[in-house]
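First the structure, in the form of structure tokens, and then the observations on it.
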Amino acid sequence: MTDAPPTFSESWYRVAQQRVALRSAVQVHRQNFRGERWYVLQNPFTNQFFRLRPAAYEFVIRLNPNRTVEEVWKECIERAPDDAPGQEAVLQLLSQLYHANLLQYSGAADAAQLFKRYEKTRKRELRGRLLNVMFMRIPLLDPDRFLVRTLPFVGKFISAVGAVLWFIVVGLALKVVADNFPALRSEAQGILAPSNLILLYVSLVFLKTFHEFGHAYFCRKFGGEVHVMGVLFMIFTPTPYVDATSSWGFRERWKRVMVGLAGVIVELFVAALATFVWAKTGPGTVHAIAYNMMFIASVSAIVFNLNPLLRFDGYYILSDLLGIPNLSQQANRQLRYWAEKHLYGLKKEQNPSSNPREAAWLGFFGIASGVYRVFVFAGVLLLVADSFLLIGILMAAVCAVAWVVVPIWKLTNYLASSPRLHRHRVRAVSVTSALAGIVVLFLQFVPFPYHFRAPGIVWSRQWTEVHSETAGRALRLLSPPGSTVTLGQPLLELTSPELELEWQAARARRDEVETRIRQALQEAVPNLEPLHRFLESANKSLAMLEDQRSNLVVRATQAGIWVNPHATELPGRWIARGANLGAIIDPSGFQFLAVVGPEDVDRLFGRELGPAEMRLLGQAGRVLNVTGSRVIPAERRDLPSAALGWLAGGPVRTASDDSQGTRAAEPFFEVRGNVENADDATLLHGRAGRVRFDLPSQPLLPRWMRSLRQLLQRRYQL
Amino acid sequence: MITPTDEYRRLGYRRPEPLPRGLDAGVNGMIGRYRRRSGVLRELRREADQVDAMSAEYKDLTNPQLQERLLAFRERFRRGGKDLEAVRPAALAAIREAAHRQTGLRPFPVQLMGALALHRGWLAEMATGEGKTLTASLAAILWGWTRHPCHVVTVNDYLVQRDSKWFGPLYQFCGIRAGHVTADMKPDERRRGYDCDVTYTTSKEVVADFLRDCLHLAALRHPTRLLIRRLLRPGGTTAAAGVVMRGLHSAIVDEADSVLIDEAVTPLIISSMEKNDSLREAVQTAADITDGLNLDADYQIDLRYREVELTETGRAKLAERCSVLPGLWRGPLRRFELIKQALVAREFFHLGKQYILQDGRVVIVDEFTGRQMPNRTWRAGLHQAIEAKERLNISDPTDTLARLSFQRYFRQYFRLAGMTGTAREAAGEFWHIYGLPVVRIPPNRPCIRVQHPDRIFPDQTSKWEAVAAEVQQLHKAGRPVLVGTRSVEVSERLAEVIAAKGLDCHVLNAVRHDTEAVIVACAGEAGRITIATNMAGRGTDIKLGHGVAASGGLAVIATERHESGRVDRQLFGRAARQGDPGSAQAFVSMEDELLRRYLPKRVYPWVARLPVSQEGRAGPTVRAAFALAQRNAQSAAFKMRQSVLRMDDWLDDSLSFAGSEMG
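Chain order of the listed sequences is A and B.
This note's numbering puts the first residue of the first sequence at 1, with every later residue one more than the last.
This note's numbering puts the first residue of the second sequence at 719, with every later residue one more than the last.
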């Protein structure tokens, strides 16, 4: 159990005789949060809010310039002895109210102190703005009068009729989207093209203006005032925003949620209208703008606006749905409470959540939002840095300050001088440094299984291509393609009438020469000599033609499987001499040829590569073992197969000027390994897949450092 | 006719900056370390030598001539300017001559160094008996010449009267009006006292007068505000008319460590009694209820932080018994608070240690000094709980009207300087809180005190026996012995032990407060045995009796190491003053509260098992443990004081709608 603040305070005399009251303009709203009653005080001038428990509210509401604080306190204590705040609690309460500018007091305040406070607040705001440079807000104008004047018309749509209309329009738009989905998808490729950026931005501002007016009108409709409209520099991109925080005072939760949702509601409606335009127009500016609006409405709504892990609409909606105001602060407080309780041994801290479920929510939210934020910003950072290196570096510096330096600084300060820790400081410091040390040591020294993946293709170890030695028309297949053949087995029969004729002519010529020899023996012996030579030549050409004739039957050049995807189409076709007729592959041994980029290859060099695992594309479930891998120590640029290149949809970037799609944009290294035969996997020569090399386990930190360095080197030549 | 400027000055005080935090504090600490580097002393010595050399010039002047020169210096100082430092040695030389003629004391060079240090706004560490009073008056004259009020703050009314009378002629000779303020004075007399250039007073009086002025001025405390009011309503009598002080311009604090550190956070309160029957009744009932609770079974205590935690069985027990409490206290929250308070009163506040009973009233005894603090009460509820525990009539809680700690008060002086015998242990704190760099002025004659190493005993019994035996032995040698004890209770017990050995001893503690000065004054007589609580009779010299110096001088025995090393050194410093012989030794035991309270909980049992011989010898580990415990205690106390100050700053900020505490 935690100690309540003491009933008596030594400083009580400072306020006992004061006459204070809530400022007359302060509005009080009763709200329920997670089944508990709270009172929310709102200062309409500054839109500051302050939440009170009923007991404190009972005290505050009794404050009156005609009575002293002491009198009011005594009355409360008499009414509810145990619940009423003690003197210490009253002091805290009054000081908080004072700081929230909710308190009216008679005496002249300590002006120097007020000024100091003002300076401090200003400094804090400035620092907050600098640290939050990715979401900087600049207030510009007060839209309230405009809203009030236009509300009678616009407000009609914020109703059941409006809702029905919205569902109809958005539903129809969804149907249009479904009908045109392929076109939609193909257009997405060009969304970030430089030529589209300006249109994209125009659409963004247009859409976000509607979005913000959505918040404003909903808020106004439910009775909240909207006094600030301005520019939000979201990652240096100016977009409009309105301040609809007065909705926090609404008693009904659904109204608060609706105001939060209003932006997306309006945005989706506009995007739905844009969808119709997009579907009805051909390529052109209007078409592009419509498309951009659809894109922004869907992407930004999901990634940013409705995502509760970032502090946009979704966050406030979730906060209202859970009934936990200041969700993010509460979550941080919860995490700190856990750390303090379990790690630092603080036993007396008050649990910020009232039940385990709330605690679980808070804890989950705290961790998830932290992690998510880092990922989103890291992504945004890389994206921006790719286009604008200088801004990227600036942003990275700001982010590093905001997320690394500031938290470490805060933690150090907290450990060094937080009064909360004052009895546990030694333990807190040692536990924290021990944890930090363990994490660092763990990352630096504990090896983790380490592997990396590379694309590649399956290649038969023993294979020969089958060519026709003779030109001819394919007559018929002698062996079915895909079947196992033995050496010399006929595969295909060709016919060639020309060859036949030539052969017959050659034979006739030989017969003629022989006849003339015989004749010469009898008549002119001196002619014998040239005739013999003539015969020889005729025999030769005949033999050659005969050879060609025999080649009309294409035979297997090795034992194996004859592979020719187009074999069945062959009969009847003219086959040129030397034409490829497929290949004969030795099925007993396949090798894998992996393409490894230069940034990864150093990890493979100079070490015995252990067994690797291979998965063929389309057969991801089957794992094949690759053994005896070795790196071919020479840079190459020509891919072993076009299937690996971008042109053929493969993972390796190919040179833009290469129409063949086999020349890689960056040099690579080849790694070869033998694929062990697995009975159930159909290995095909030239099939693409990915191989996973298992490297010796390595600690994480050096690995990360190397990746970071490589990233910087590759991207920015740093 | 008071001019607006005068009026503005009358109310002037400094608005201190909030304490630096975090890295700022580190940098500030480094600056402080630089400011109190040893080279500073050489600088002072050089300037003092300069003064010494110039002294000859004034020796042959006649009184009127000297006075003329002094008045010329006064004009020079009153005009102010940047080159005052250049004039300072000459002026000081003239004052030195005047002091010689008017008081018969000729300031030694070390005293000149002290005066220079004070004038620069430093904290001069000067051993007792080195003539701090004269040193202060030299610096006070330099400051007094500027006509801005200079407060010389001493320990008690007796010293205030003595010093102002003693140095009255000197001040007059130098053209300075000197006055004093004591507790028994009426407002008019006080105002006359503060109207002087130099005012002798005690810290209590000066803070109380300041607070009363604050209450009187209320929202007009700030001089600018008052000035504006005067401009808006000319001719009207101003609130400033009833104010007795003339602003906080400069102050020289004697025994600065006791005022600025030991008593720094005990606030001075102006209060009125307030009837609160319900609280009295509740406290009484709570005391009855807690009678049935047992330590460990029903509640557990934390010695170091003086806290009580109820166990489950304790809670269960309470739940059934608390229905008899009056309305306000019946609910679970307030009920626990009340019960815990009763238990705290029972476990941590002991008769004879933290308080004594006088005429049916609880009188707080300062744990550090052993001095009684009549008219002081603990916070609402606690005081009553202790009264209930002692079965006294329960008094009404006081209703605070204004409250200010010495710490905050003295930070508001434009120029602050201090003197004390022991400052270097707290040099960091003096700098951090008050911006006072500590400088150690060497003694006029080298100190020849023999400091014996501590004797460490395994338990209390063996320690007390050894103390008694040591006293007996020293007594036989004819040396006077002063035994310092931590609490009233212990001093009485030790007196019994020594009396049992057939020795005659004099006890000086909070209970026998009235005879304090007499007993201390005689403590140096041969063969005299005096037992005193820690700082009883501070400020009075112990003069050695006839022939004592030959037998070895005063022997001081400390029977425990104090939480603060300064207090130990103060006690030891009572021996061997002004070059006299003397010795000092501490007797401590492994059962001392210092160890039990300030060693880490897990370390203490381990240390307690270390071998310690019955003769009081122990290894270096044990000695290190004592040093560690003392260091822990000191830093805990410092942190506490600092947090009190921060808390006050926070309150000022948070409640600035109610006006600052001091305007």
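Glycine included, each C-beta is placed from N, C-alpha and C at the ideal position.
{"Item": "Bridge partner(s) assigned by DSSP for D1084 of chain B", "Value": "Note: D1084 of chain B sits in no beta bridge, so no partner."}
{"Item": "Status (buried if at least 16 other CB within 10 Å, exposed otherwise) for F167 of chain A", "Value": "exposed"}
{"Item": "Identity of the residues DSSP links to M1382 of chain B by a beta bridge", "Value": "Given a span of 719 to 1381 for chain B in the structure shown, any question on residue 1382 of chain B remains unanswerable."}
{"Item": "Rounded C-alpha distance that separates A183 of chain A from I302 of chain A", "Value": "21 Å"}
{"Item": "Sub-8 Å separation of A733 of chain A and H685 of chain A beta-carbons", "Value": "The question about residue 733 of chain A has no answer here: the residues shown for chain A are numbered 1 through 718."}
{"Item": "Selection from A:L711, A:V458, A:R549 that minimises the alpha carbon distance to V595 of chain A", "Value": "A:V458"}
{"Item": "Start-to-end residues for the alpha helix (DSSP H) that takes in P640 of chain A", "Value": "Run containing P640 of chain A: none; DSSP gives neither H nor E here."}
{"Item": "Straight-line gap, G1381 of chain B to A1106 of chain B (C-alpha atoms, nearest Å)", "Value": "For G1381 of chain B, the predicted model reports a pLDDT of 40, less than 50, meaning its position is unreliable and no value from the coordinates is stated."}
{"Item": "Neighbourhood of T7 of chain A by C-beta, 8 Å cutoff - its chain only, sequence neighbours within 5 removed", "Value": "G86, Q87, E88"}
{"Item": "Run of the alpha helix (DSSP H) containing P1050 of chain B, from where it starts to where it stops", "Value": "1050-1066"}
{"Item": "Residues, ordered as in the chain, of the stretch 310-334 of chain A that lie near chain E by beta-carbon distance below 8 Å", "Value": "The structure shown has no chain E; the protein chains it does contain are A and B."}
{"Item": "Segment contact, 8 Å Cβ cut-off, at least three pairs: the stretch 627-642 of chain A with the stretch 661-673 of chain A", "Value": "yes"}
{"Item": "Start-end ranges of the alpha helix (DSSP H) lying completely within the stretch 256-305 of chain A, minimum 4 residues", "Value": "285-299"}
{"Item": "Simplified DSSP assignment, three categories, for F153 of chain A", "Value": "helix"}
{"Item": "L1373 of chain B, DSSP secondary structure in three states", "Value": "coil"}
{"Item": "Within 8 Å, strictly: CB atoms of P1198 of chain B and E1243 of chain B", "Value": "yes"}
{"Item": "Helix, strand or coil at N32 of chain A [DSSP, three-state]", "Value": "strand"}
{"Item": "Own chain partners of V485 of chain A with C-beta closer than 6 Å, once the 5 adjacent residues on each side are dropped", "Value": "S479, A556, W562"}
{"Item": "Segment limits, beta strand (DSSP E) that includes S1331 of chain B", "Value": "S1331 of chain B -> no beta strand (DSSP E), and no H or E assigned at all."}
{"Item": "Chain-ordered residues of the stretch 1362-1378 of chain B with a beta carbon less than 7 Å from chain A", "Value": "L1369, D1370, D1371, S1372, L1373, S1374, F1375, A1376, G1377, S1378"}
{"Item": "Cross-chain neighbours of K1071 of chain B in chain A, by beta carbon under 8 Å", "Value": "Result: empty, since nearest Cβ-Cβ is about 23 Å, beyond 8 Å."}
{"Item": "Interface residues of chain B facing V20 of chain A [CB-CB closer than 9 Å]", "Value": "F1375, A1376"}
{"Item": "As assigned by DSSP and simplified to three states, the class of Q1018 of chain B", "Value": "strand"}
{"Item": "Local conformation of P308 of chain A per DSSP, three classes", "Value": "coil"}
{"Item": "L103 of chain A at chain B interface by Cβ criterion, 8 Å", "Value": "yes"}
{"Item": "Endpoints, the beta strand (DSSP E) within which R615 of chain A is located", "Value": "612-616"}
{"Item": "L1212 of chain B versus B:L978, B:I1247, B:D742, B:D975, residue with shortest Cα-Cα distance", "Value": "B:I1247"}
{"Item": "Chain B within 8 Å of N413 of chain A, Cβ atoms only", "Value": "yes"}
{"Item": "Outcome for Q728 of chain A when other beta-carbon atoms lying within 10 angstroms are tallied against a minimum of 16", "Value": "This structure leaves residue 728 of chain A out entirely; chain A is present only between 1 and 718."}
{"Item": "Cβ pair L1061 of chain B, L729 of chain B closer than 8 Å", "Value": "no"}
{"Item": "A1195 of chain B CB to nearest heavy atom of the ligand FAD below 7 Å", "Value": "Questions concerning the ligand FAD fall outside what the structure shown contains, since it holds no ligand whatsoever."}
{"Item": "Element boundaries [alpha helix (DSSP H), containing G314 of chain A]", "Value": "313-322"}
{"Item": "Test: S195 of chain A CB closer than 8 Å to a CB of chain B", "Value": "no"}
{"Item": "Short Cβ contact (8 Å threshold) for L1028 of chain B with I988 of chain B", "Value": "no"}
{"Item": "For C868 of chain B, the residue or residues it bridges with in DSSP", "Value": "B:V916, B:S968"}
{"Item": "Within chain B, the residues that P742 of chain A reaches when beta carbons sit closer than 7 Å", "Value": "Absent from the model: residue 742 of chain A. The displayed extent of chain A is 1 to 718, so no value can be given."}
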